[in-house]
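Asker: First, the structure itself, so that you have it in front of you.
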Amino acid sequence: DVKVTQSSRYLVKRTGEKVFLECVQDMDHENMFWYRQDPGLGLRLIYFSYDVKMKEKGDIPEGYSVSREKKERFSLILESASTNQTSMYLCASNDQGWNTIYFGEGSWLTVV
Amino acid sequence: GDSVTQMEGPVTLSEEAFLTINCTYTATGYPSLFWYVQYPGEGLQLLLKATKADDKGSNKGFEATYRKETTSFHLEKGSVQVSDSAVYFCALIFDNYGQNFVFGPGTRLSVLP
Numbered sequence: 054d055v056k057v058t059q060s061s062r063y064l065v066k067r068t069g070e071k072v073f074l075e076c077v078q079d080m081d082h083e084n085m086f087w088y089r090q091d092p093g094l095g096l097r098l099i100y101f102s103y104d105v106k107m108k109e110k111g112d113i114p115e116g117y118s119v120s121r122e123k124k125e126r127f128s129l130i131l132e133s134a135s136t137n138q139t140s141m142y143l144c145a146s147n148d149q150g151w152n153t154i155y156f157g158e159g160s161w162l163t164v165v
Numbered sequence: 049g050d051s052v053t054q055m056e057g058p059v060t061l062s063e064e065a066f067l068t069i070n071c072t073y074t075a076t077g078y079p080s081l082f083w084y085v086q087y088p089g090e091g092l093q094l095l096l097k098a099t100k101a102d103d104k105g106s107n108k109g110f111e112a113t114y115r116k117e118t119t120s121f122h123l124e125k126g127s128v129q130v131s132d133s134a135v136y137f138c139a140l141i142f143d144n145y146g147q148n149f150v151f152g153p154g155t156r157l158s159v160l161p
């Protein structure tokens, strides 16, 4: 089975803190994604990566950055957390090609 | 651009009722189509998929048929259970690199005992 693991399920951070959300996949997938999920807004793509050190902006990249130093790991970084970044964050991965995307269990971030 | 439209929720049913959640899509070609399910507090899980016209995806008693002529991929189940209570997302992908997924807004299903 494909496993996408998000290191933190629940986090509470203060405004202005730097926040790291980590994601690891065990299937050697080329593509990795970070989504944000908010009530009434569905899933919105923040960034994705199609290879090590490669990244592309999604629909809502402002206030976020990402890092992919190893193929299996994709990190989402909030340089200076703000209260409007309180949300559920979902990591996902898949192979290149018209293929199923696999999600982690999500990270609930609260910024106070 | 490509888009997915799902029926508005929430949908509330009694146990053993028949379920249909409508999904239609707009795409310039022939995408692959998916249904994902999200149980409370969890990430999305693949429920079923179909990659070409007239394909039927099925899993756990759920079914959906890829209808090119009506650009639809409606989710059905003959007899729902309380454990089916979740949010259901219709999605499509239409590229050769697996990068451009389009998700519908999700439909919340509540099944009452």
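Protein chains in written order, with my numbering: chain A, 54 to 165; chain B, 49 to 161.
All C-beta atoms in this analysis are idealised placements derived from N, C-alpha and C, irrespective of residue type, glycine included.
1) Strictly under 8 Å for the Cβ-Cβ distance: is A/Leu74 near chain B by that measure?
2) Could you check the C-alpha separation between B/Ser51 and A/Ile99 for me, to the nearest Å?
3) Excluding the five sequence neighbours on either side, which residues of its own chain have a C-beta within less than 7 Å of the C-beta of B/Val159, listed in chain order?
4) Which of helix, strand or coil does DSSP assign to B/Val130?
5) Using the beta-carbon of each residue, which ones in chain A are nearer than 8 Å to B/Gln129?
6) Evaluate the contact criterion for the stretch 83–101 of chain B versus the stretch 149–161 of chain A: three or more CB pairs, one atom per stretch, below 8 Å.
7) Can you tell me whether A/Met85 is buried or exposed, with buried defined as 16 or more other CB within 10 angstroms of its CB?
8) In three-state DSSP terms, what is A/Thr163?
9) Which residues in chain A sit within 9 Å of B/Lys97, going by Cβ to Cβ distance?
10) Please list, in chain order, the chain A residues whose beta carbon lies closer than 7 Å to that of B/Gly154.
11) Return yes when the C-beta of B/Gln86 is under 7 Å from any heavy atom of the ligand SAM, and no when it is not.
12) Determine, using beta carbons only, whether B/Tyr73 comes closer than 8 Å to chain A.
13) Looking at the C-beta of B/Leu162, does it have a partner C-beta in chain A at a distance below 8 Å?
14) Along chain B, which residues have their Cβ under 8 Å away from the Cβ of A/Gln138?
Answerer: In terms of the structure at hand:
1) Looking up residue 74 of chain A in the first sequence gives position 21. Taking Cβ atoms only, chain B never reaches closer than 8 Å to A/Leu74, which makes this a no.
2) Looking up residue 51 of chain B in the second sequence gives position 3. Looking up residue 99 of chain A in the first sequence gives position 46. Their Cα atoms are separated by approximately 18 Å.
3) On the second sequence, position 111 is the one that residue 159 of chain B refers to. Leu61, Glu63, Val128, Gln129, Val130, Asp132, Ser133, listed in sequence order.
4) By one-based count along the second sequence, residue 130 of chain B stands at place 82. DSSP places B/Val130 in helix when its eight states are reduced to three.
5) Residue 129 of chain B sits at position 81 when you count from the first residue of the second sequence. Chain order gives no chain A residues near B/Gln129, where near means a beta carbon separation below 8 Å; the closest approach is about 22 Å.
6) Between the stretch 83–101 of chain B and the stretch 149–161 of chain A there are three or more inter-stretch CB-CB distances shorter than 8 Å, so the stretches are counted as touching.
7) By one-based count along the first sequence, residue 85 of chain A stands at place 32. Classification of A/Met85: buried, given that the 10 Å Cβ count is 16 or more.
8) Here residue 163 of chain A corresponds to residue number 110 of the first sequence, with the count starting at 1. Strand at A/Thr163.
9) Against the second sequence, residue 97 of chain B aligns to sequence position 49. In chain order: Thr153.
10) Within the second sequence, numbered from 1, the residue matching residue 154 of chain B stands at position 106. For B/Gly154, the chain A residues whose C-beta falls within less than 7 Å of its own C-beta are Gly95, listed in chain order.
11) Inclusion of the ligand SAM in the displayed structure is not the case, the ligand content being empty and no account of it being possible.
12) Position 25 of the second sequence, counted from the first residue, corresponds to residue 73 of chain B. Output row for B/Tyr73: interface = no.
13) Past the boundaries of the shown model lies residue 162 of chain B; chain B is included only from 49 to 161, so the question cannot be answered.
14) Taking the first sequence and counting its residues from 1, one reaches residue 138 of chain A at position 85. Near A/Gln138 there are no residues of chain B at all, since even the closest Cβ is about 19 Å away, more than 8 Å.
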